[in-house]
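Student: Using this note's numbering, you'd call the opening residue of the sequence shown number 61 and step up by one each time.
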Amino acid sequence: MPAARTASIQAPAAPRNDDFLGHPKGLYVCFFTEMWERFSFYGMKALLLLYLLKYHLFSDDAGYDLIGAYGGLVYAVPVIGGLLADRYLGMRKAVVLGGVLLVLGHLGMAFEGHAAKMVNGVAVRDETALQVFYLSLALIIAGVGFLKPNISTIVGKLYELNDPRRDSGFTLFYAGINVGALFSALICAFLGETYGWKYGFGAAGIGMIAGLAMFLWGQRYLRGHAEPADPAKLREKVNGFSREAWIYLGSAAGVLVLWGTIQFASQITIKLGAISFTAALGIMLATLLVFLIWFFGFIARQCTREQREQMLALVVLIFAVLIFFTLYEQTYGSWVTFNDRLMTKDMFGMALGQYSPTLPWSLFSMAASPPLMVAALVASDRGRDGLAKGLVALLAIGLALATAHDVVLVPQTAGSLTYLGAFFIVVLAPLFSWLWPWLARKGRNPSKPVTMSLGLIFAGLSFLPLMAAAKISGGGEMASVWYLVAAYFILEVGEMCLSPIGMSAVTQLSVARVVGLMMGAFWLATAFSEVLAAQFAKIASVEIPEGGTIDMAVASMKYGELFSMLMWLGIGSGVLFLVLSPLLKRWMHGVK
């Protein structure tokens, strides 16, 4: 179908009453699309390290290197996806392409092959299954590259530049991310560790199908913001094919390149004299160099003085994001292995050893959420606001009851306990969504640089409970899971200060014609954090002899050293950014 006709059909005028519960209805379409995409992404991520260590028998170092390389690539590729959407595809086509690639990748993860075995001290693995695994990771990397920067950019376009609801809208959108992450751990980790890894990974793929369907259904609420800027240019023939066709063909070729790259990046070490680093870090450095060459050329030649300073302020804030997520990504690395090896799992003492539900209740409540939200938006379109709000309340009650059941009565694992981060975000999001507008009305809303500085300080403080837990486990006793709960709570307070505000800053401080690319740069910072987080986590690597048991004293000492180092990194960088905040506020030129 020609792009011009697609625009007219897929994005008709929104209903006259375009707001629902105080925000544009398009926000809820993006919320549920991202919720399911994050369900699939984090469902796989909750299992990934444990799957590598326990099923394919990777060493700690090899496992950390692979998740670091994967995480680095998965957040670096959005720079390309954002650029192609800005220049040619438009955000709708980019999100759909990303969604299709993600579905294929997550379903491919369900092929697990044969478990590795130790033969004379050497792990013998199913190489065919590993190649399918690497190809699936490549599809996921490419899919996130197209979907992630563009769905966030659509949210920004739903609000006027200085709309006071903007920050709270991004906060609610961020809650959608974490609703998906919350239930992905409870569902995918449960299925993967109870019935087999393939069931957990397969559930993640089905979740992505739901997200893609929600996005396609909700186009009318996006007001045409997601359409290509120049449909004629996209249809224009180049060497026999349209530009759009070349993008799709290039994406397929890119998946094959990523298939090899993920293996190279995770397994090869580069040495420059006395300095050695993984190939993944080398790729990140090369990507950063290309971005910086473009960035400084762009602000020097194509920006006014005000735009230049706003873009510089944005890059400094993005650097704060890099540091924060270097600390945060320990939750899927060293925090998982520390919890798995040296901590208890049952928080309430009520998980019944003989109670083994066939399926988690969360699975049923999540399956019901898309039709309930669709019904609520349709009811609102027809002026039946009471019914619409009732359906949303029913949805929320169902999710809450399912969470309570699955958390309290179902025995937890190191994988399923990753739900804690998302749980605290979901709990804190309404508070912070109310807090920012309330502080703005009082004239006391802290600037974005100050808020993000506080996020870094809280991230550093989150390692204090884990340092205490490492001290306990060093004495030969399993540390209580409540230390992990405290660590997650403090960390998520920091995340609520930094991450949604950071995404909002990208849409406000970027020059309009490169906002998608700068959103990609935001995720590039997260890419670096993934690689750096893996390198830090290797400080606490523990090699367990075949058939042996872990030396709790040695392991606890290693984890304690890592947690102490990261605590000071967070607090120190937070104080530094706090000192720089007056300068950054001046460079922002009144952007709130």
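Glycine residues also receive a C-beta, built at the ideal position from the N, C-alpha and C atoms.
Could you pull out every residue in the same chain whose Cβ sits closer than 6 Å to the Cβ of L455, ignoring the five residues on either side in sequence?
Tutor: By 1-based counting over the sequence shown, the position of residue 455 is 395. Here the set comprises S429 and L432.
Student: May I ask which residues mark the beginning and end of the alpha helix (DSSP H) holding A464?
Tutor: Taking the sequence shown and counting its residues from 1, the one referred to as residue 464 is at position 404. Segment D445 to V468, the alpha helix (DSSP H) holding A464.
Student: Would the beta-carbon of A482 fall within 8 Å of that of A241?
Tutor: Position 422 of the sequence shown holds residue 482. Position 181 of the sequence shown holds residue 241. Cβ atoms of A482 and A241: closer than 8 Å.
Student: For E590, tell me which candidate among L480, V396 and L133 has the shortest Cα-Cα distance.
Tutor: For the purposes of this step, residue 590 is taken as residue 530 along the sequence shown, with counting starting at 1. Nearest option by C-alpha distance: L133.
Student: Going by beta-carbon coordinates alone, are G520 and M627 separated by less than 8 Å?
Tutor: Here residue 520 is taken as the residue at index 460 of the sequence shown, counted from 1. Here residue 627 is taken as the residue at index 567 of the sequence shown, counted from 1. Yes, Cβ-Cβ distance for G520 and M627 is below 8 Å.
Student: Can you give the Cα-Cα distance for A71 and R280, rounded to whole angstroms?
Tutor: Sequence index remark: in the sequence shown, residue 71 carries index 11 (1-based). Sequence index remark: in the sequence shown, residue 280 carries index 220 (1-based). With a pLDDT of only 40 at A71, under the threshold of 50, the placement of this residue in the model should not be trusted; the figure read from the coordinates follows. If I take the Cα positions, the gap works out to 5 Å.
Student: Using C-beta distances below 7 Å, list every residue in its chain close to L87, excluding the 5 sequence neighbours before and after it, in chain order.
Tutor: Position 27 of the sequence shown, counted from the start, is the residue given in the question as residue 87. Once the five neighbours on either side are set aside, the close Cβ partners of L87 are V215, L218, G229, L232 and F233.
Student: Please classify K531 as buried or exposed, where buried requires at least 16 other C-beta atoms within 10 Å of its C-beta.
Tutor: Taking the first residue of the sequence shown as position 1, residue 531 is located at position 471. Result: exposed.
Student: Figure out for me which residue from I517, V571, D227 and A585 has the closest Cα to the Cα of G634.
Tutor: Indexing the sequence shown from 1 puts residue 634 at position 574. With distances taken between Cα atoms, G634 lies closest to I517.
Student: Here's the rule I'm using: 16 or more other beta-carbon atoms within 10 Å means buried, otherwise exposed. How should I457 be labelled?
Tutor: Position 397 of the sequence shown, counting from 1, holds the residue named residue 457. Exposed: under 16 other Cβ atoms inside 10 Å.
Student: Does the segment 319-327 come within contact of the segment 122-137, defined as at least 3 CB pairs closer than 8 Å?
Tutor: yes
Student: Exposed or buried, which one is N180 when buried takes at least 16 other CB atoms within 10 Å?
Tutor: Here the question's residue 180 lines up with position 120 in the sequence shown. So N180 counts as exposed.
Student: Which residue's Cα is closest to the Cα of G534: K645, L402, T93 and V467?
Tutor: For the purposes of this step, residue 534 is identified with residue 474 of the sequence shown, where counting begins at 1. It is L402 whose Cα lies nearest to the Cα of G534.
Student: How would you call H649, buried or exposed, if buried means at least 16 neighbouring beta carbons within 10 angstroms?
Tutor: In the sequence shown, residue 649 corresponds to position 589, counting from 1. Per the 10 Å Cβ criterion, exposed.
Student: Which term fits N399, buried or exposed, when burial requires 16 or more other beta carbons within 10 angstroms of its beta carbon?
Tutor: The residue labelled residue 399 in the question sits at position 339 within the sequence shown. Its Cβ being crowded by 16 or more others within 10 Å, N399 is buried.
Student: For M151, count the other beta carbons within 10 Å of its own beta carbon; 16 or more makes it buried, fewer makes it exposed. Which is it?
Tutor: Residue mapping note: residue 151 aligns to position 91 of the sequence shown, counting from 1. M151 is buried by the Cβ-count criterion.
Student: Can you check which of these residues, E555, D79 and V160, is closest to M512 by C-alpha distance?
Tutor: As a position in the sequence shown, residue 512 is number 452, starting the count at 1. Closest by alpha carbon: E555.
Student: Determine the direct distance from the alpha carbon of L377 to that of L636, and round the result to whole angstroms.
Tutor: Counting from one through the sequence shown, the residue named residue 636 turns up at place 576. Counting from one through the sequence shown, the residue named residue 377 turns up at place 317. Inter-residue distance for L636 and L377 is about 12 Å (C-alpha atoms, whole angstroms).
Student: Suppose only complete runs of 3+ residues qualify. What are the beta strand (DSSP E) ranges in the segment 294-335, listed by chain order?
Tutor: 329-332
Student: Please classify I343: is it buried, with 16 or more other beta-carbons within 10 angstroms of its beta-carbon, or exposed?
Tutor: On the sequence shown, position 283 is the one that residue 343 refers to. It is buried - the Cβ of I343 has at least 16 other Cβ atoms within 10 Å.
Student: May I have a chain-ordered list of the alpha helix (DSSP H) segments no shorter than 4 residues that lie completely inside the segment 224-278?
Tutor: 226-244, 250-254 and 257-277
Student: Would S476 and F623 be called neighbours here (beta carbons separated by less than 8 Å)?
Tutor: The residue given as residue 476 occupies position 416 in the sequence shown. The residue given as residue 623 occupies position 563 in the sequence shown. No, the pair does not count as a contact, with Cβ atoms beyond the cut-off.
Student: Which residue marks the beginning of the alpha helix (DSSP H) containing V639, and which one marks its end?
Tutor: Translated into the one-based positions of the sequence shown, residue 639 becomes position 579. That run of the alpha helix (DSSP H) goes M612 to W647.
Student: Look up M407 in the DSSP assignment and say whether it is helix, strand or coil.
Tutor: Position 347 of the sequence shown, counted from the first residue, corresponds to residue 407. Shown here, M407 sits in coil according to DSSP, grouped into three states, outside any helix or strand.
Student: Between the C-alpha atoms of V651 and A547, what's the straight-line distance to the nearest angstrom?
Tutor: The residue you call residue 651 lines up with position 591 of the sequence shown. The residue you call residue 547 lines up with position 487 of the sequence shown. If I take the Cα positions, the gap works out to 33 Å.
Student: Helix, strand or coil: how does DSSP classify P75 here?
Tutor: By one-based count along the sequence shown, residue 75 stands at place 15. For P75, the pLDDT reaches just 44, beneath the cut-off of 50, and the residue's location in the model is therefore unreliable, although a value from the coordinates is still provided. In this structure, DSSP gives P75 a state outside helix and strand, which the three-state scheme calls coil.
Student: Using only the alpha-carbon positions, how far apart do M274 and A264 sit?
Tutor: Here the question's residue 274 lines up with position 214 in the sequence shown. Here the question's residue 264 lines up with position 204 in the sequence shown. Distance between the alpha carbons of M274 and A264 is about 16 Å.
Student: Considering M178, what are the terminal residues of the beta strand (DSSP E) in which it resides?
Tutor: For the purposes of this step, residue 178 is taken as the residue at position 118 of the sequence shown. Element bounds for M178: K177 to V179.
Student: Quick check on the DSSP output: the alpha helix (DSSP H) that includes A189 runs from which residue to which?
Tutor: The sequence position of residue 189 within the sequence shown is 129, counting from 1. From DSSP, the alpha helix (DSSP H) with A189 extends over E187 to K217.
Student: Output the distance between the C-alpha atoms of Y619 and L592, rounded to the nearest integer angstrom.
Tutor: If you number the sequence shown from 1, residue 619 lands on position 559. If you number the sequence shown from 1, residue 592 lands on position 532. C-alpha separation (whole angstroms): 16 Å.
Student: Give me, in chain order, the residues of the same chain whose beta-carbon lies closer than 7 Å to that of A57; leave out the 5 immediate sequence neighbours on both sides.
Tutor: Outside the modelled stretch of the chain, which goes from 61 to 652, sits residue 57, for which no answer is possible.
Student: Under the rule that 16 or more other beta-carbon atoms within 10 Å means buried, what is F91, buried or exposed?
Tutor: Counting from 1 along the sequence shown, the entry for residue 91 is found at position 31. Counting Cβ neighbours within 10 Å, F91 comes out buried, since at least 16 surround it.
Student: Work out the CA separation of G503 and Q362 for me, nearest whole Å.
Tutor: Within the sequence shown, residue 362 is the residue found at index 302, counting from 1. Within the sequence shown, residue 503 is the residue found at index 443, counting from 1. Approximately 35 Å between the Cα atoms of the pair.
Student: For V204 and M95, I'd like the C-alpha separation in whole angstroms.
Tutor: One-based indexing of the sequence shown puts residue 204 at position 144. One-based indexing of the sequence shown puts residue 95 at position 35. Going from the Cα of V204 to the Cα of M95 covers about 13 Å.
Student: At 3 residues or longer, and completely inside the segment 335-385: list those beta strand (DSSP E) runs for me, N to C.
Tutor: 335-338
Student: Given a threshold of 16 other Cβ atoms within 10 Å of its Cβ, counted over all protein chains shown, does L113 qualify as buried or as exposed?
Tutor: Translated into the one-based positions of the sequence shown, residue 113 becomes position 53. L113 should be labelled buried.
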